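Participant: To start, I am sharing the structure in question, which I have written as structure tokens.
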Amino acid sequence: MKIIILLVILSLIIAISFLIAFIWSVKSGQYEDIEGPPRRILFDKNIKK
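For what it's worth, this note's numbering labels the leading residue of the sequence shown as -4, then goes sequentially.
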């Protein structure tokens, strides 16, 4: 029974850390430009002839 309590606590710590990392990435602007990168692949500015 002790291992179940330990695993629940450990999984909650991991889940909270992922939630904090996600909130931090949203606040720092990681998800602001979701249209740019797929289109940037199609138009290469450094074409060497």
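Glycine is no exception: its CB is placed at the ideal position from the N, C-alpha and C atoms. Quantities reported herein were computed from a predicted structural model and do not represent experimental measurements.
Helix, strand or coil: how does DSSP classify F13 here?
Facilitator: In this structure, F13 counts as helix in the three-state DSSP scheme.
Participant: Put K22 into one of helix, strand or coil per three-state DSSP.
Facilitator: Note: K22 maps to helix in three-state DSSP.
Participant: In whole angstroms, what separates the C-alpha of I(-1) from that of G31?
Facilitator: If I take the Cα positions, the gap works out to 45 Å.
Participant: Under the three-state reduction of DSSP, which class applies to I0: helix, strand or coil?
Facilitator: Three-state DSSP puts I0 in a helix.
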